[in-house]
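In UniProt numbering, the protein residues as written are 1 to 715.
Worksheet for the structure shown next.
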């Protein structure tokens with residue numbers, strides 16, 4: 001016992017010497033991405049165990065089978081020290097059960113602790129054989145863990161990114177929690193995550209289907225028609241087939257020279273599947289006499305910008321880092337995807353020429369004219385920067401092009417955000433354990449001949465493949481690396497992970513309104529990046545923050561989000577996304593919206609009328625009640641009923657003030673003046689106000705169509 005006492009006393013004395021030496025040491029640690037345990041560290045009381053080289057899967061299995069008193073670091077078994085008590089010169093002190101590390105070549109001890117992931121974290125800063133201990137804030141030095149077991153496809157770019165960051169991948173999953181979970185399709189790929197971060201938002205797939213995206217943008221077009229004119233006019237089929245047919249007939253009757261073209265997109269289609277062009281509603285395809293499939297029909301942009309006589313679109317990668325607060329990043333580099341047949345304006349003869357009209361890579365890759373190139377500025381798939389360089393050489397103001405694209409992205413995410421918050425609360429209620437979320441979206445944008453960007457669609461699961469198939473002999477294919485894809489996609493994934501790094505992430509949102517004055521133009525920066533405390537060995541971030549950076553320029557658009565906040569307040573935290581009749585009555589009562597001319601009986605009729613119509617529009621929904629879009633329609637109806645002879649935007653803003661004031665216990669005048677500060681002074685235009693005679697009548701979105709004759713003349 002005395003020998004043991006002497007040995008422990010010597011070890012504690014050595015630790016005290018280390019602390020004294022560390023007090024004078026002011027050198028910094030290596031970057032966080034460096035492995036936390038140096039190669040020349042050995043542990044006291046090490047058992048004789050043979051060294052083995054194992055991959056991630058066998059390492060995970062061996063960890064679960066190892067003795068409870070052992071852990072692995074860099075493939076070696078580490079024993080725990082049994083806690084002992086000992087008298088210290090200044091009183092009692094406990095020797096922790098954390099492992100003590102001997103640094104080779106010295107008589108010094110490095111004290112550490114075992115983290116939940118089985119790695120040893122030092123509680124000191126090691127510099128040149130010395131340690132910073134107590135008296136200075138200790139930083140965790142461990143590899144970030146990423147669960148890729150549900151990633152499914154496009155794994156190579158993810159694996160490359162993890163290797164570049166020197167993080168730890170778990171391709172077969174892990175019993176204990178990981179820092180980041182990378183899902184392949186949906187937030188619900190893994191239902192059992194209660195911590196960490198997931199690369200998918202609940203509801204994002206549903207919101208980015210063609211119909212729901214069109215509805216979300218259409219709602220914003222009702223409030224801000226000029227700000228949301230980047231999305232082609234759309235009709236939802238089959239519910240709006242009669243409206244579509246009537247408007248096209250009236251259009252042709254008024255101007256027989258107009259020959260518009262429309263593109264039909266299946267609601268849940270992807271990779272160009274099921275897309276086709278039509279010139280007349282009678283051309284809509286009906287299979288075997290069945291009703292028209294759920295789809296969206298849009299105006300076709302007949303005058304796109306051409307390069308080398310080819311039509312092309314732009315795939316930009318956008319990171320939604322969080323919803324509360326809203327954070328948006330845009331990749332500084334994107335892909336330009338070219339058609340493989342010279343473009344001609346659509347006619348009855350060439351409507352079926354998909355290689356001329358559709359830019360989808362998955363379609364054009366099957367064309368004999370498709371060119372796989374190792375250059376980023378030639379071939380059928382190029383970098384967006386190479387296209388901008390071509391445009392700049394012709395005198396185009398590419399900063400203006402970028403500024404318009406950034407505005408398009410921010411406005412689109414603002415349109416999606418309200419309903420995404422409803423999905424988020426349904427799956428991850430406030431106060432309940434659950435992960436935080438982020439997601440990379442793929443924005444498909446077309447430049448018109450006049451350089452105006454047009455939103456084609458947004459992809460919840462953009463392809464991250466960095467290779468393509470190549471036929472090396474008849475019927476024999478192999479995967480060949482694609483330098484263009486690797487150039488763009490690896491950087492996007494790697495820098496997304498860097499921004500989500502739990503050991504480095506900082507809240508750099510300075511205020512809820514920060515980001516410059518309303519008159520400040522969007523600046524396209526080329527050299528300044530958010531450093532985020534990243535390792536110097538990695539390249540600068542390829543993702544540029546655009547929100548909340550430009551909050552003041554776009555905050556006035558977040559009107560529907562305020563309506564959604566009221567909806568969520570009366571929805572309650574019950575995992576539901578529908579408002580029941582009692583909750584709707586409570587909303588009316590608490591906001592003091594009923595009166596002698598609008599009784600609670602009228603409230604019930606309004607609820608039944610709107611809810612029944614939306615139930616028919618959402619046939620796949622199994623949940624009864626009023627969805628957010630139906631609540632927004634009811635809110636617009638109440639605003640138009642209460643504040644007549646005003647623009648819809650002003651009506652809605654006034655009703656929001658009434659509701660928010662009532663909910664905050666504030667008194668408001670019955671007929672307050674329009675609150676002009678909420679509207680953008682540069683965009684006072686709007687469509688003529690329309691009063692609702694009944695909520696069942698066609699909404700403002702169904703006004704007589706003024707088709708792209710104007711847009712085409714601008715081109």
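Every residue, glycine too, gets a C-beta built ideally from N, C-alpha and C.
Nearest neighbour of residue i, chosen from the options [CA to CA]
i	options	result
residue 592	553, 543, 642	642
residue 563	655, 431, 624	655
residue 176	598, 145, 450, 413	145
residue 377	320, 558, 307, 616	307
residue 401	413, 453, 374, 385	453
residue 403	451, 422, 243, 389	451
residue 352	399, 331, 409, 261	261
residue 355	174, 340, 186	340
residue 485	584, 551, 267, 383	383
residue 544	405, 258, 463	405
residue 293	299, 316, 268	268
residue 275	359, 247, 330, 373	359
residue 663	579, 588, 442	588
residue 429	568, 282, 270	568
residue 277	299, 375, 467, 256	299
residue 357	554, 551, 343	343
Bounding residues of the alpha helix (DSSP H) (the contiguous stretch that carries residue i)
i	result
residue 423	398-427
residue 641	628-642
residue 393	384-393
residue 235	Segment 234-237 is the beta strand (DSSP E) holding residue 235; no alpha helix (DSSP H) there.
residue 561	559-571
residue 459	No alpha helix (DSSP H) contains residue 459, which is instead part of the beta strand (DSSP E) from 453-459.
residue 248	241-254
residue 362	361-364
residue 293	Careful: residue 293 lies outside any alpha helix (DSSP H) and carries neither H nor E.
residue 205	204-207
Alpha-carbon to alpha-carbon, residue j and residue i
i	j	result
residue 415	residue 540	30 angstroms
residue 542	residue 436	23 angstroms
residue 168	residue 181	12 angstroms
residue 179	residue 658	43 angstroms
residue 171	residue 163	13 angstroms
residue 234	residue 422	25 angstroms
residue 624	residue 395	56 angstroms
residue 635	residue 571	15 angstroms
residue 160	residue 315	21 angstroms
residue 312	residue 305	8 angstroms
residue 601	residue 566	22 angstroms
residue 228	residue 474	49 angstroms
residue 648	residue 347	39 angstroms
residue 157	residue 608	50 angstroms
residue 445	residue 411	14 angstroms
residue 476	residue 232	42 angstroms
residue 220	residue 210	16 angstroms
residue 425	residue 283	42 angstroms
residue 265	residue 166	42 angstroms
residue 330	residue 645	40 angstroms
residue 610	residue 651	20 angstroms
The beta strand (DSSP E) enclosing residue i, as first and last residue numbers
i	result
residue 485	Taken as a continuous stretch (DSSP letters only), residue 485 belongs to no beta strand (DSSP E), being part of the alpha helix (DSSP H) at 483-500.
residue 646	Note, residue 646: premise wrong, no beta strand (DSSP E); not H, not E.
residue 278	276-278
Residue i - partner residues in DSSP beta bridges
i	result
residue 326	323
residue 470	478
residue 595	598
residue 439	320
residue 623	In DSSP, residue 623 forms no bridge with anything.
residue 313	337
residue 265	296
Backbone secondary structure at residue i - three-state DSSP
i	result
residue 198	strand
residue 164	helix
residue 349	coil
residue 545	strand
residue 465	coil
residue 212	helix
residue 356	helix
residue 539	coil
residue 304	strand
residue 145	strand
residue 618	coil
residue 187	helix
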